[in-house]
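*Asks:* I am attaching a structure below and will ask some questions about it afterwards.
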Amino acid sequence: MKRNSSGRMLDHGRRVSMVLVALLLLVAGVRSSWGTAQHVLLSKGREHGTLTVASCGEKTCTGPFDPDGAGTARTGLTIERSVAVDKGAKLPVVVKPGTDEVVRTGWPGALHAWLPFGGALLLAACVIGGGLRMPRTAWATAAAGGALLVSAFFAL
Numbered sequence: 010m011k012r013n014s015s016g017r018m019l020d021h022g023r024r025v026s027m028v029l030v031a032l033l034l035l036v037a038g039v040r041s042s043w044g045t046a047q048h049v050l051l052s053k054g055r056e057h058g059t060l061t062v063a064s065c066g067e068k069t070c071t072g073p074f075d076p077d078g079a080g081t082a083r084t085g086l087t088i089e090r091s092v093a094v095d096k097g098a099k100l101p102v103v104v105k106p107g108t109d110e111v112v113r114t115g116w117p118g119a120l121h122a123w124l125p126f127g128g129a130l131l132l133a134a135c136v137i138g139g140g141l142r143m144p145r146t147a148w149a150t151a152a153a154g155g156a157l158l159v160s161a162f163f164a165l
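Numbering follows the numbering used here, with no gaps: position 7 of the sequence shown is 16.
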């Protein structure tokens with residue numbers, strides 16, 4: 010049976026809207042990850058050191074900061090609380106410029122920073138598979154998101 014032009018237009022409109030939703034999810038994931046990831050990935054010229062976790066609150070942990078190389082040791086720097094952080098843990102960190110916040114560096118820090126993007130990949134996979142009817146691409150997107158989340162879990 011031959012489709013009429015209005016049926017084709019609805020199909021194209023559905024496809025375009027699903028592509029836009031998938032792109033919106035991915036852009037939102039990158040944007041929310043980039044706030045932390047930029048300090049981990051582009052850390053050259055920033056103050057590096059080690060944070061010893063002294064105490065943890067509901068959302069953040071604090072402790073003394075011991076800089077690598079030249080710099081002054083400071084107390085009261087905060088880091089976002091993670092399930093894997095225990096009191097007394099020594100974490101390699103980089104200081105966010107102009108703040109008293111630090112971000113974990115290395116593979117664990119990079120993977121933790123990109124967690125929102127991993128979630129966005131999983132959500133976009135549902136849109137790609139269901140809305141765009143592209144199951145292979147959806148499985149690949151979901152596998153990439155799942156691998157990011159699982160590797161961050163094991164790295165922390």
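Glycine is no exception: its CB is placed at the ideal position from the N, C-alpha and C atoms.
Keep in mind that this is a model prediction, so the values were computed, not measured.
Assuming residue 119 contacts residue 46 (C-beta within less than 8 Å), just tell me the rounded distance between them.
*Replies:* Looking up residue 119 in the sequence shown gives position 110. Looking up residue 46 in the sequence shown gives position 37. 7 Å between Cβ atoms; contact.
*Asks:* Is there contact here, the region 142-154 with the region 122-130, by at least three beta-carbon pairs under 8 Å?
*Replies:* As far as the Cβ criterion goes, the region 142-154 touches the region 122-130, which means the pair count is three or higher.
*Asks:* Decide yes or no for the touch test of the region 135-142 against the region 21-32: beta carbon pairs closer than 8 Å, at least 3 of them.
*Replies:* The answer is yes - the region 21-32 touches the region 135-142, with three or more Cβ pairs under 8 Å.
*Asks:* For the putative contact between residue 115 and residue 106, defined by C-beta atoms under 8 Å, what is the C-beta separation to the nearest angstrom?
*Replies:* Counting from 1 along the sequence shown, the entry for residue 115 is found at position 106. Counting from 1 along the sequence shown, the entry for residue 106 is found at position 97. Rounded, the Cβ-Cβ distance is 19 Å, inconsistent with contact.
*Asks:* Evaluate residue 51 with the Cβ neighbour count: other Cβ atoms within 10 Å of its Cβ, from every protein chain shown; 16 or more gives buried, anything less gives exposed.
*Replies:* Working through the sequence shown from its first residue, we reach residue 51 at position 42. With fewer than 16 Cβ atoms within 10 Å of its Cβ, residue 51 is classed as exposed.
*Asks:* Less than 6 Å between C-beta atoms, sequence neighbours within five positions excluded: which residues of the same chain meet that for residue 68?
*Replies:* Translated into positions along the sequence shown, residue 68 becomes position 59. So the qualifying residues of the chain are 90.
*Asks:* Would DSSP call residue 109 helix, strand or coil?
*Replies:* For the purposes of this step, residue 109 is identified with residue 100 of the sequence shown, where counting begins at 1. Looking at residue 109 - three-state DSSP - the assignment turns out to be coil, as it is neither helix nor strand.
*Asks:* Helix, strand or coil for residue 100 per DSSP?
*Replies:* By one-based count along the sequence shown, residue 100 stands at place 91. Here residue 100 sits in strand by DSSP.
*Asks:* Given a threshold of 16 other Cβ atoms within 10 Å of its Cβ, counted over all protein chains shown, does residue 42 qualify as buried or as exposed?
*Replies:* Locating residue 42 in the sequence shown gives position 33, where the first residue counts as 1. Flag for residue 42 reads buried.
*Asks:* Are the beta-carbon atoms belonging to residue 74 and residue 111 less than 8 Å from one another?
*Replies:* Working through the sequence shown from its first residue, we reach residue 74 at position 65. Working through the sequence shown from its first residue, we reach residue 111 at position 102. Yes. Within cutoff.
*Asks:* Can you give me the C-alpha to C-alpha distance between residue 23 and residue 33, rounded to a whole angstrom?
*Replies:* Counted from its first residue, the sequence shown places residue 23 at position 14. Counted from its first residue, the sequence shown places residue 33 at position 24. Rounded to the nearest angstrom, the two C-alpha atoms are 15 Å apart.
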